[in-house]
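Listed in order, the protein sequences are those of chains A and B. Sequential numbering from 84 applies to the first sequence in the numbering used here. Sequential numbering from 479 applies to the second sequence in the numbering used here.
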Amino acid sequence: MYKFKVCMLGAFAVGKTSLVQRYVNSLFDDRYHTTLGVKIDQKALELDGQKLQLILWDLAGEDEFMKVRATYLRGASGLILVVDGLRPDTLDTAIDLLQRFNEDLQLPFVLAINKADEKAAWQLPRQRIDELRQQGWPILETSAKTAEGVEDLFLQLGRDMLGQAKSQGREGDG
Amino acid sequence: MDEHFPQHVLNKILQVTLDSQDFAWFCIDAEGQLLSQGGRLAEVGLPNWRLGDRVLDDALFLSGFLPMEDDYIGLPALQIDDRRVVDVHLFRDGDRVWVLMADQTELLEWQSVARQKGNELQLLQEQLRQLERDSDCETDFFEALNMLALRRNEDDSFRILRPVSERFLEIYPELLESPAHLYPQKKFPFIENFLADAEGLWRQPDETQRLRSGPWVETGADGTEIPLEASALNWQGSNLLFIEILDESYRQNHAFLQIGREGELIKNMLEQEVRRRTSEIRRREEEIALRLVAAADSRDDGETGSHIRRLGLYSELMARHLGWPLDKVEEIRIAAPMHDIGKIGIPDHILRKPGKLTPEEFEIMKMHSLIGGKILERSEASLVQMARDIAMYHHECWDGSGYPEGLKGEEIPESARIVAIVDVFDALIHKRVYKDEIPLDQAIEIMREGRGKQFDPKLFDLFLFLREDMARIARDYAC
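Structure (structure tokens):
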């Protein structure tokens, strides 16, 4: 079995905790409940006949009150960057976080544009998203509320992490 | 031992002999003359008397007791000099008095030591009781603190140092199974991550530093979230790890953060709503302006709806590259199309004349900038003020040869200098009833002659820099 530590990153109130809760517990709570610190959940899955254990680190959202600690990313195998489709500045935060933390690590990552259930009201600059896609960013639209794209989000990252682990000659445990 | 000792004196001698190594005795008559003596008189601080000596001058402790009325008087722990303590026993035997002295110095010293030890023991017992009470307090304290204190063993396992709060058992039920060999790093991935940082601290000799992990959250048996924080410390050669359940302070911080972020979300939402509505108002203004201008220009065969829209877009492009604020960039896009609104006051026979205007007709035609300025003057809206500047001054020339006021250089509002360039550009490259279209490169060459004369040279250079984008607008918004 491969164990992968996955860190959820993004601005506050973009839906990181909701995505984890939807994926791990199939739950969704419409109320905003801010995360202070770190919450860790686990999810086992099977991908292409390979067993994976995802250790999901739900990190407190970044804003003027709180910054993400670099030490939390130690030993991570992948990142999920979450953006609120309704708040354009959350894309800037996600890009900034990736530049700060992943330039050296070069971890597989996926950008989740969350709140797809309100896509009609999205405010993200389409051109910017297209540019990021052209740069090779894996981008998925998700909704923790309706579960749209949530499974795919973790599967895609799982596949990328598995690919990287195998390319690095890393064996699974047991 | 004298055989004349009465039995009770002999009994006492036996007792004090057993109790003391150094004893002496003497017998005196009622006058205090020595009748007999024995034992180790010097050891009990007595001089070497001879029989018949009066002893009262040396044995001052007898003062007041002679003549003796009671059969027995005991004088325990009598300090006879600065270093010696004796027990003195006085026995009346008819007219005689037997005096028995036993050195108790050592015994008293021992007693003193014993008393000292007893006191110390009592003190220790009291301290122990206090410690027990403290320990109880400490237990309560640690339980109240909800802190798990662990010391790292050599094999990287941990030993519990302090009583464990029951709340820890909720999230860490294995705690009591092997309290001397725990692996919290296996139980909590967060701790596993934190120990890498703690290791760095533990390697340092500094005992003053404490490393905190920041909070993390575990879920209790009943599903409630339990906030925790770990910290690492070096103390007297031991690597210590504390795990604390954060209660009130965490909840307060959490509440503050929640309120702060909810406030931030509401602010974001309101700002977005303001932007959306502002944008909507701008679109509405633009549409009204374009329709009105198109209606006014419909009298002029030379102008088209596409021309005025393009003029707005060219001007917007230049303003953006000049670094204008976003709201001003939007304003010029709407205001530029109104540049010729004054033509509404020019008679048809002049405005629609297909041929060249006479000097008189041209003077009348030039009035359109003044008329436009008049129409748009005295507005408090910055958009209309900018439209007025453009309508009034877009025929002014950089060298002062333009009209209506002959302004020169930067006396001419920048918005009007921009429109002066793009208006000529668009007119040259599009067909009119009175002329054919001119290819882009040729139009540019014609306009280049106006650099520094008709046109602001710097703005004209920017226009040249943007010529490809200008051409794209011209294509995308062709008639």
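Positions of the beta carbon are idealized from the N, C-alpha and C atoms, including for glycine. These numbers come from a predicted model, not from an experiment.
Taking only the alpha-carbon atoms, compute the straight-line gap between residue i and residue j and give it to the nearest angstrom.
i	j	result
G252 of chain A	R242 of chain A	15 Å
V97 of chain A	A227 of chain A	10 Å
S514 of chain B	L538 of chain B	18 Å
R681 of chain B	L102 of chain A	39 Å
P825 of chain B	K831 of chain B	10 Å
I922 of chain B	F941 of chain B	10 Å
I558 of chain B	W713 of chain B	56 Å
P891 of chain B	L829 of chain B	26 Å
L488 of chain B	C505 of chain B	13 Å
D450 of chain B	F943 of chain B	Lying before the first or after the last residue shown, residue 450 of chain B is absent from chain B, which here runs from 479 to 957.
D867 of chain B	P815 of chain B	12 Å
M479 of chain B	L519 of chain B	Unreliable positioning characterises M479 of chain B in this predicted model, as indicated by a pLDDT of 43, which lies under 50. The coordinate reading is nonetheless provided below. If I take the Cα positions, the gap works out to 14 Å.
S893 of chain B	I822 of chain B	22 Å
A774 of chain B	K909 of chain B	20 Å
I853 of chain B	G833 of chain B	28 Å
Y155 of chain A	R754 of chain B	38 Å
D187 of chain A	R157 of chain A	12 Å
A949 of chain B	Q920 of chain B	13 Å
D914 of chain B	R183 of chain A	57 Å
L654 of chain B	S635 of chain B	14 Å
A159 of chain A	H116 of chain A	25 Å
From what residue to what residue does the alpha helix (DSSP H) around residue i run?
i	result
H787 of chain B	Residue 787 of chain B is actually Arg in this sequence, not His. Its alpha helix (DSSP H) spans residues 783 to 799.
Y106 of chain A	99 to 108
F569 of chain B	Element bounds for F569 of chain B: not the alpha helix (DSSP H) but the beta strand (DSSP E), 563 to 571.
F646 of chain B	644 to 649
Q136 of chain A	Taken as a continuous stretch (DSSP letters only), Q136 of chain A belongs to no alpha helix (DSSP H), being part of the beta strand (DSSP E) at 133 to 142.
Check whether the Cβ of residue i lies closer than 7 Å to any heavy atom of the ligand HEM, and answer yes or no.
i	result
V121 of chain A	The ligand HEM is not part of this structure, which contains no ligands at all.
Please confirm whether residue i has its beta-carbon closer than 8 Å to some beta-carbon of chain A.
i	result
P651 of chain B	no
E722 of chain B	no
P667 of chain B	yes
L711 of chain B	no
E742 of chain B	yes
H732 of chain B	yes
N746 of chain B	yes
D954 of chain B	no
R688 of chain B	no
G960 of chain B	The structure shown does not extend to residue 960 of chain B, since chain B is modelled only from 479 to 957, so the question has no answer here.
G692 of chain B	yes
N717 of chain B	no
V695 of chain B	yes
P962 of chain B	Any question about residue 962 of chain B goes unanswered here, given that chain B covers just 479 to 957.
Q663 of chain B	no
E750 of chain B	In the sequence as presented, Glu is not what sits at residue 750 of chain B; that position holds Gln. It does; some Cβ of chain A falls within 8 Å.
L654 of chain B	no
N671 of chain B	yes
Y792 of chain B	no
Just checking my contact of residue i with residue j at CB under 8 Å: how many whole Å lie between their CB atoms?
i	j	result
A676 of chain B	L689 of chain B	6 Å
L92 of chain A	I163 of chain A	7 Å
P662 of chain B	I721 of chain B	7 Å
D235 of chain A	N197 of chain A	Actually they do not touch by this definition, with Cβ atoms about 13 Å apart.
Q125 of chain A	Q133 of chain A	In fact, because the Cβ distance is near 17 Å, the residues do not count as touching under 8 Å.
V577 of chain B	W503 of chain B	6 Å
G510 of chain B	L529 of chain B	Contact flag wrong, Cβ pair sits at about 13 Å.
Output the boundary residues of the beta strand (DSSP E) element that contains residue i.
i	result
E707 of chain B	703 to 713
K122 of chain A	121 to 130
A199 of chain A	Premise fails: A199 of chain A is in no beta strand (DSSP E) and is neither H nor E.
S716 of chain B	716 to 723
L164 of chain A	161 to 167
I506 of chain B	501 to 506
I551 of chain B	550 to 557
I'd like to know whether the C-beta of residue i is nearer than 8 Å to at least one C-beta of chain B.
i	result
T117 of chain A	yes
T229 of chain A	no
R170 of chain A	yes
V151 of chain A	no
T100 of chain A	no
A96 of chain A	yes
G241 of chain A	no
T154 of chain A	yes
Q206 of chain A	yes
R209 of chain A	no
Can you name the residues of chain E whose CB is closer than 8 Å to the CB of residue i?
i	result
Q714 of chain B	Absent here is chain E; the protein component of the structure consists of chains A and B.
Q: Please specify which runs of the alpha helix (DSSP H), each continuous and at least 4 residues long, are wholly inside the region 895 to 931 of chain B, giving them in chain order.
A: 918 to 926
Q) Whole alpha helix (DSSP H) runs in the region 847 to 884 of chain B with 4 or more residues, listed along the chain? A) 860 to 871
Q.
Give the list of continuous alpha helix (DSSP H) stretches no shorter than 4 residues that lie fully inside the region 659 to 698 of chain B.
A. 662 to 665, 667 to 680
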